[in-house]
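Just below is one structure, and these are the notes that go with it.
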Amino acid sequence: MLRAWHRPPSSGPCGAAARCCPLTGATGNTSGTARRGAVTAHQGKWGPGPVRFGERLRALREERGVSLAELARATSYSKSYLSRVETGRRPGNALLAAACVRALGVDPERLGPPDAPEAPALDGPGRPAAAPPPPPVAVPVQLPPAPGVFAGREAALAELDGALSPARPRWGEGGPRVWVLDGMGGIGKTALAVQWAHRVRHRFPDGVLFSDLAGHGGSGAPREPGEVLDGFLRALGADAGTIPPRVPERSALLRTLLAERRVLLVLDNAAAPAQVRPLLPGAPGCVVLVTSRTRMAGLVVRDGARRVTLAPLPQERAVELLRRTLGPERVDADLAAAGELVRRCGRLPLALLVAAERALSRPGLSLSRVNEELRSDRTRLHVLAAADDGDSALRTVFSWSYRALAPEPARAFRLLALHPGAALTAESAAALLGTTAGNAHELLDVLADVHLLEPEGPERFRFHSLLQVYGRELAEGQDSPRDRAAALDRLYDWYRQGADAAGRLLEPGSRPAGPAPLPGVRPPVFGAAEDAVAWCEAHLADLLALIRHAALTGRPPAAWQLPFALWSFFHRQHHRAEWLAAARIAVAAAAGSTDPRALTVSLALLGTAQLHAGRPVEAEIHLRRALERCAEGGTEPESECAARNHLAELVLRQGRAAEALELLEPALPLARTLGHRRVERVTLTNLGDASLRLGRLADAERFLLEALSLRSTGPDPRTEGLALLHLGAVHRASGRLPQAVGCLRRALELHRASGDRWARGRALEQLGHALVALGRPEEAVPLWHEALAVLADAAASGPPEAPGPEAASRRSRFRS
């Protein structure tokens, strides 16, 4: 039987508390007669006896002029559920009573408590029937199976374990602990999330909720938060009739149900923060793990999430993944092939597993044979496709990220993938895309946000190798050959213009390698030589990639002009291996060029690179070939002048000063005819050096003073420093020791600034001898020690000159 409910005493002047209904604005000062009449009417409808909770609710609702739909919206309960409560088909509960009191603006005593359960029926004389057991508390465990094969990710697992430590200060005392696993498609985000969730499941006694939010995939649009909330609420034991229709109310109900629980929520494959935010609990005992291809910056900024970004597996852990998939015997039998397979798959877990399955399905297929199938970029993604599972094909997985892009970022992804290197800056991207650096930077950020690019450092981005292959496939299918060629033309031109600008700063007055910039190309601008060197160093790997690509794809001008533009940088920074490789490509490309200058300057470039790499025989062959082409009329006077000077430098280093003088004497009038002050200055300096070695001190002094009197188009510390070095030696040989010390000190300053270690070492040596001759040996000793260190450092990166008697005697003097 039902417990009778009695109306409490009146509290207002008319027997009611004066309260305002939030929904209608009506006050509660209804007359006692009217209220009693309303309740009596309902009693009459359902018959005599105590008034049920639902009857009281309907009476108060109608008294306040509130419709059932309005009350449903205000209380976050469904209209059908409230109707069943009012008609007595559902008993109601304390949470509902409190919500209705707030919505109707009445005192809790007026509505009263929900109905008590009926007394149990008797089961035999005086014995109550056995009560049915209470419904069990729902403890959902929705995790999919743990990955069959898993390796690596120790650092990420340890970081996720931090989610179970006491709340960090950034989260405060309460609130959820939200973690985001982000990374490119195929990187293993879901595998890691599920692996960790299984590992810590025992720490969440109230259950684990899991949902694939379908943010990126072939199943269509991402799942709506309301749909996911409905599944979670049902899993937590909520009756279907109590689930509100709107997302905010469902979200509030989820927070209510999780308020006193410890539950892990795994939200896999999220599209955006807005999809995730309604699913976040408010309880500090809950942990949320989100996986996404986007960086979920909104969750980090607004919701205090902690981000863990996954990179490709380290090489050794990737090999271990192969070992666990294929078996240790098969992998350890050919570790070199296993290492190559890892590299060809870009250390991407999904690619490795697909490649391993390919080998497993054909036991006779060696890892070396799999590598052969993966060598071609044109077939690599086709090979990395599971035969019976389209969703595991790399091309399909990547397409889910690409299809989510707007048209402009999609075009940027395709054209940027054409870059022969892998690193991109806003400026190089702007050249490829034919846009401004600012717009290019925005596009790079968009692509990085969905992990189609990865940040490599300040203002630099890099493609994963397989994503770059995918982007090039798309470009070939969607962009015309003309558009692709124009993009690469702009890129090559941007790099050449940058290398030219750097060369003109390092060697003022030097001639550009090619014509003016193409339309839409904004060349780099450098404020000082140090900036130019830094730019060349930062882009060196990409410059070399472009040179190789130009040679392979039939772009002879770019293949020889880029190495020629980098001449001064290679010389100053002693990148001898790179210099040699680029120069060889330049000669091969220039051989078929219609530009008469191309082969001559490329031969001179190669000869000079070989000279500085300590290969004098090969250097002389190529420099003489360059000079022969000049004699045949194959180039302009500037190239002949350069060839004569470089060959003279070689023979001077071998002690053949008279031969050097013969080479240089015709070069001087050529330089003066050109009106090129820097070339003239270099020629005069070399003439001074040759004359000094031949003991012609007066001629040497005349050449060197004239060289120093010339002013080039900009600072040229190396040439000026060499002229002062030789002039100091002339003064010392002539007995003018104070003048020698002055020249040599100034030469040392200039060579420190220019970075020429060989010339700096010689200046230190000569200055020491001059100081000893002045009777100041204590000042000479530290200079000689420094000279030994500098020359040893220079020799470690490749000999600047062929060893000879002069160098040997100098070393012996240093040791004495």
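All residue numbers for the sequence shown refer to numbering that gives the first Met the number 0, where the first residue is 0 and numbers rise by one. The C-beta atom is built at its ideal place from N, Cα and C for all residues, glycine as well.
Assuming contact is defined by CB atoms lying nearer than 8 Å, are Leu351 and Ala317 in contact in what I supplied? Within the sequence shown, the letter at position 352 stands for residue 351. Within the sequence shown, the letter at position 318 stands for residue 317. Yes. Within cutoff.
Can you tell me whether Val780 is buried or exposed? The criterion is at least 16 other CB atoms within 10 Å of its CB, across all chains shown. By 1-based counting over the sequence shown, the position of residue 780 is 781. Looking at its Cβ environment, which holds fewer than 16 other Cβ atoms inside 10 Å, Val780 is exposed.
Compare the beta carbon distance of Ala549 and Trp578 with 8 Å and say whether it is the shorter of the two. Mapped onto the sequence shown, residue 549 falls at position 550. Mapped onto the sequence shown, residue 578 falls at position 579. Their beta carbons are not under 8 Å apart, which means Ala549 does not touch Trp578 by this criterion.
For Leu551, count neighbouring C-beta atoms within 10 Å of its own C-beta (all shown protein chains included) and say buried if the count is 16 or more, exposed if not. As a working mapping, residue 551 is identified with position 552 in the sequence shown. Exposed, since its Cβ has fewer than 16 Cβ neighbours within 10 Å.
Skipping 5 residues on each side, what residues in its chain have a beta carbon closer than 8 Å to that of Gly591? Your numbering for residue 591 matches position 592 in the sequence shown. Closer than 8 Å at Cβ, skipping near neighbours: Pro555.
Same chain, Cβ closer than 6 Å to Val286, neighbours up to 5 away in sequence not counted: Residue numbering aside, residue 286 sits at position 287 when the sequence shown is read from its first letter. Sequence-distant Cβ neighbours of Val286 in its own chain, meaning closer than 6 Å and more than five residues away, are Ala162, Arg176, Leu263.
If you draw a straight line from the alpha carbon of Glu705 to that of Leu683, how long is it in whole angstroms? Mapped onto the sequence shown, residue 705 falls at position 706. Mapped onto the sequence shown, residue 683 falls at position 684. So the two alpha carbons sit approximately 7 Å from each other.
Alpha-carbon spacing of Ser9 relative to Glu108, whole angstroms: In the sequence shown, residue 9 corresponds to position 10, counting from 1. In the sequence shown, residue 108 corresponds to position 109, counting from 1. Caution is warranted here: a pLDDT of 38 is assigned to Ser9, below 50, making its placement in the model unreliable, and no coordinate value can be reported.
Taking 6 Å as the limit between beta carbons, can you name the residues of its chain near Ala421, skipping five residues before and five after? Position 422 of the sequence shown, counted from the start, is the residue given in the question as residue 421. Closer than 6 Å at Cβ, skipping near neighbours: Arg461, Phe462.
Between Leu364 and Ala355, is the Cβ-Cβ spacing less than 8 Å? Position 365 of the sequence shown, counted from the first residue, corresponds to residue 364. Position 356 of the sequence shown, counted from the first residue, corresponds to residue 355. 8 Å or more divides the Cβ of Leu364 from the Cβ of Ala355.
Since Asp688 and Leu651 are thought to touch, with beta carbons under 8 Å apart, how far apart are those beta carbons, to the nearest angstrom? Taking the sequence shown and counting its residues from 1, the one referred to as residue 688 is at position 689. Taking the sequence shown and counting its residues from 1, the one referred to as residue 651 is at position 652. At roughly 6 Å, the Cβ-Cβ gap stays under 8 Å, so Asp688 and Leu651 are in contact.
Which whole-angstrom value describes the C-beta separation of Val207 and Gln141, a residue pair presumed to lie in contact below a C-beta threshold of 8 Å? Counted from its first residue, the sequence shown places residue 207 at position 208. Counted from its first residue, the sequence shown places residue 141 at position 142. Indeed, because the Cβ distance is near 6 Å, the residues count as touching under 8 Å.
Using the beta-carbon count (16 or more within 10 Å), is Thr86 buried or exposed? What you label residue 86 is simply residue 87 of the sequence shown in a count that begins at 1. Looking at its Cβ environment, which holds fewer than 16 other Cβ atoms inside 10 Å, Thr86 is exposed.
Starting from Ala269, trace the beta strand (DSSP E) in both directions and tell me its first and last residue. As a working mapping, residue 269 is identified with position 270 in the sequence shown. Its beta strand (DSSP E) spans residues 263–269.
On the DSSP letters alone, give me the boundaries of the alpha helix (DSSP H) that Asp541 sits inside. Translated into the one-based positions of the sequence shown, residue 541 becomes position 542. Element bounds for Asp541: 528–551.
Can you grab the Cα-Cα spacing for the pair Leu321 / Arg292, in whole Å? Stepping through the sequence shown from its first residue, residue 321 is reached at position 322. Stepping through the sequence shown from its first residue, residue 292 is reached at position 293. Annotation: Leu321 to Arg292 spans about 24 Å, alpha carbon to alpha carbon.
Leu660, buried or exposed, once every other Cβ within 10 Å from all chains shown has been counted against 16: For this step, residue 660 is matched to residue 661 along the sequence shown. The residue is buried, with at least 16 neighbouring Cβ atoms inside 10 Å.
Continuous alpha helix (DSSP H) assignments of at least 4 residues falling wholly in the segment 51–96: 52–62, 67–74, 78–85
Compute the Euclidean distance between the alpha carbons of Leu373 and Leu451, then round it to the nearest angstrom. Reading the sequence shown from its first residue, position 374 is the one you call residue 373. Reading the sequence shown from its first residue, position 452 is the one you call residue 451. About 21 Å.
Using a Cβ distance threshold of 8 Å, determine whether the segment 558–570 contacts the segment 505–514, with at least three qualifying pairs required. yes
Inter-residue CB distance, Ser66 and Pro243 (contact presumed, cutoff 8 Å): What you label residue 66 is simply residue 67 of the sequence shown in a count that begins at 1. What you label residue 243 is simply residue 244 of the sequence shown in a count that begins at 1. Contact flag wrong, Cβ pair sits at about 17 Å.
Tell me the DSSP secondary structure of Phe568 in three-state form. As a first step, residue 568 is located in the sequence shown; it is residue number 569 there, counting from the start. Correct three-state label for Phe568: helix.
Under the three-state DSSP convention, the category Thr290 falls into: As a working note, residue 290 is residue 291 in the sequence shown. Under the three-state reduction of DSSP, Thr290 is assigned to strand.
Helix, strand or coil for Phe203 per DSSP? Locating residue 203 in the sequence shown gives position 204, where the first residue counts as 1. It is coil, neither helix nor strand.
Check the DSSP bridge columns for Asp211 and list the partner residues they point to. As a working mapping, residue 211 is identified with position 212 in the sequence shown. Asp267.
Could you tell me which residues DSSP pairs with Val307 in its beta bridges? On the sequence shown, residue 307 is found 308 positions in, with the first residue counted as 1. DSSP, once it has assigned bridges, lists Leu180 as partnering Val307.
Measuring CA to CA, which of Ser733, Leu423, Thr378, Leu443 is closest to Leu874? With the chain covering 0 to 815 only, the question about residue 874 has no answer from this structure.
Taking only runs of the alpha helix (DSSP H) that begin and end inside the segment 563–639, which ones reach a length of at least 4 residues, in chain order? If we require 4 residues or more, the alpha helix (DSSP H) runs fully inside the segment 563–639 come out as 566–572, 575–589, 595–611, 615–630.
Quick check on the burial criterion: 16 or more other C-beta atoms within 10 angstroms. Buried or exposed for Ala137? To locate residue 137, count along the sequence shown from 1; it is residue 138. That one is exposed.
Measuring alpha carbon to alpha carbon, tell me which residue in Ala791, Gly774, Gly734, Arg775 is nearest Arg761. On the sequence shown, residue 761 is found 762 positions in, with the first residue counted as 1. The shortest C-alpha separation from Arg761 is found at Ala791.
Please state whether DSSP places Glu459 in a helix, a strand or coil. To locate residue 459, count along the sequence shown from 1; it is residue 460. Going by the sequence as given, residue 459 is Arg instead of Glu. Note: Arg459 maps to strand in three-state DSSP.
Does DSSP put Pro454 in a helix, in a strand, or in coil? Here residue 454 refers to the residue found at position 455 of the sequence shown. Pro454 carries a strand assignment under DSSP once its states are collapsed to helix, strand and coil.
Within this structure, are the beta carbons of Leu646 and Leu626 separated by less than 8 Å? Within the sequence shown, numbered from 1, the residue matching residue 646 stands at position 647. Within the sequence shown, numbered from 1, the residue matching residue 626 stands at position 627. Yes, they are a contact pair.
Identity of the residue in Ala196, Gly185, Arg222 nearest Ala157 by Cα: Along the sequence shown, read from residue 1 onward, the residue named residue 157 stands at position 158. For the residues Ala196, Gly185, Arg222, the minimum Cα distance to Ala157 belongs to Ala196.
Beta-ladder partner(s) of Ala422, from DSSP: Locating residue 422 in the sequence shown gives position 423, counting from the first residue. Answer is Arg461.
Run through DSSP, which three-state label would Val740 get? Position 741 of the sequence shown, counted from the start, is the residue given in the question as residue 740. Correct three-state label for Val740: helix.
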